[in-house]
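Some notes on the structure that comes next.
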Amino acid sequence: MNVNCCTVCRLFVAHIWTCNKFRCGEKRRPEYHCSCSDDCVENNDCCVNYQAACKGEASWVEEECEDITEPQCPKGFNKSPVLLFSLDGFRAEYLQTWGGLLPVISKLQKCGTYTSSMRPVYPSKTFPNHYSIVTGLYPESHGIIDNKMYDLKRNAYFTLKSKEKFNPEWYQGQPIWLTAMYQGLKAGTFFWPGSDVAVDGTFPDLYKEYNSSIPFEERVVTVLRWLQLPEDERPHFYTLYLEEPDSSGHKFGPVSSGVILALQRVDAIVGMLMDGLKQMNLHKCLNIIFISDHGKFIYIKYVTILKGFYKVIF
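Residue numbering for the sequence shown follows the numbering used here, starting at 82 and increasing by one per position.
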């Protein structure tokens, strides 16, 4: 099979979610995730950084901090939307130690309101903590006490890879997306533990069933597209979830070059979000809450003591 350089170039560009100087003014192609063509504004399919890369505007991270006392929203936004954005396993020390490598998140810290740390619930696992964040309850009250559980009464196992994860009987309390919906607002969730479950018999207005293979870029772009929906269809409350730097922390260790690369990738994804909001004139309108569920710690070795314990058969 003969493959020329133009074909290779198009295949490469088809996997890019941003503009660069080589893409500006390109011909529109349906296989591209987004466009950098001269008519992309008219067709409403520009990449999130089109104005910065192709029109010379400053990117969000290049702008100075502003003191915004009142939301500045475009027409059609009577209420400021809220986005709850989780970066799994982002321990507090990461920003203190490697903040210089994370310009976007560091600017959010500098220009916004932040806390130096957060105490997770016990156990410090992904599902218990994320569900505590959206319900305001401890695991003992909301039912998600671990990533893996066994219910003796129902003889049921809960794991993150089983169908039982979608059984609403495990999930107690009222997650915030339901609270918003019960108050007449709309909710859109692009991943969050429990958001793809019919808690209290109800799904969010817009939601995605969890799939770790979906690129981070696609998650951000989808939320930005939801923000462009007609006013009567558009959510007021959103969630967004990224598995990093948690996944790399488990693979390479919490203090490793692998985690640094994951942090830089996450920072670039957050930059995509902020550039997209700026391009839509929503960067002074949308309220964003960046959180994490837990941190990580290095253990050197451990000892399992079994002497003196007896096997008990229930």
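Every residue gets a Cβ at the ideal spot worked out from N, C-alpha and C, and that includes glycine.
Does DSSP put residue i in a helix, a strand or coil?
i	result
residue 212	helix
residue 183	coil
residue 175	helix
residue 297	helix
residue 96	coil
residue 127	strand
residue 304	helix
residue 146	coil
residue 202	coil
residue 189	helix
residue 207	helix
residue 135	helix
residue 121	helix
residue 88	The predicted model places residue 88 with a pLDDT of 49, which falls under 50 and marks its position as unreliable; any figure quoted below should be read in that light. Residue 88: helix per DSSP, three-state reduction.
According to the neighbour-count rule (16 or more other Cβ atoms, all chains shown, within 10 Å of its Cβ), is residue i buried or exposed?
i	result
residue 128	buried
residue 268	buried
residue 203	exposed
residue 297	buried
residue 130	buried
residue 159	exposed
residue 96	exposed
residue 322	buried
residue 294	exposed
residue 240	exposed
residue 261	buried
residue 92	In this predicted model, residue 92 has a pLDDT of only 44, less than 50, meaning its place in the structure is not dependable; the value taken from the coordinates is given anyway. That one is exposed.
residue 167	buried
residue 265	exposed
residue 320	buried
residue 157	exposed
residue 249	exposed
residue 325	buried
residue 90	At residue 90, the pLDDT of 48 sits below 50, so the modelled position is not reliable; the number obtained from the coordinates is stated separately. Residue 90 comes out exposed.
residue 195	exposed
residue 373	buried
Quick one: does residue i have its CB under 8 angstroms from some CB of chain D?
i	result
residue 166	Absent from the structure: chain D. Only one protein chain is present.
Between which two residues does the alpha helix (DSSP H) carrying residue i extend?
i	result
residue 379	That residue, residue 379, is in no alpha helix (DSSP H); it is neither H nor E in DSSP.
residue 167	It is not in any alpha helix (DSSP H) - residue 167 instead sits in the beta strand (DSSP E) that spans 163-168.
residue 114	Residue 114 -> no alpha helix (DSSP H), and no H or E assigned at all.
residue 359	338-360
residue 220	220-223
residue 332	327-333
Kindly indicate the opening and closing residues of the beta strand (DSSP E) around residue i.
i	result
residue 369	368-372
residue 318	318-323
Is residue i near the ligand NAP, going by C-beta to nearest heavy atom under 7 angstroms?
i	result
residue 322	What this structure holds is no ligand at all, so the ligand NAP is not there to describe.
At what residue ranges does the region 226-293 contain a whole run of the beta strand (DSSP E), taking only runs of 3 or more?
-> 230-232, 237-239, 268-271
Taking 8 angstroms as the threshold, find out whether the region 316-333 comes into contact with the region 136-153 through three or more Cβ pairs.
-> no
Given 8 angstroms as the limit, is there contact between the region 132-143 and the region 172-183, that is, 3 or more CB pairs closer than that?
-> no
Taking contact to mean at least 3 C-beta pairs separated by less than 8 angstroms, is the region 115-122 in contact with the region 157-173?
-> no
Touch check for the region 335-350 and the region 359-373: three-plus C-beta pairs under 8 angstroms?
-> no
Cβ pair count under 8 angstroms reaching 3, the region 240-260 against the region 209-220 = yes
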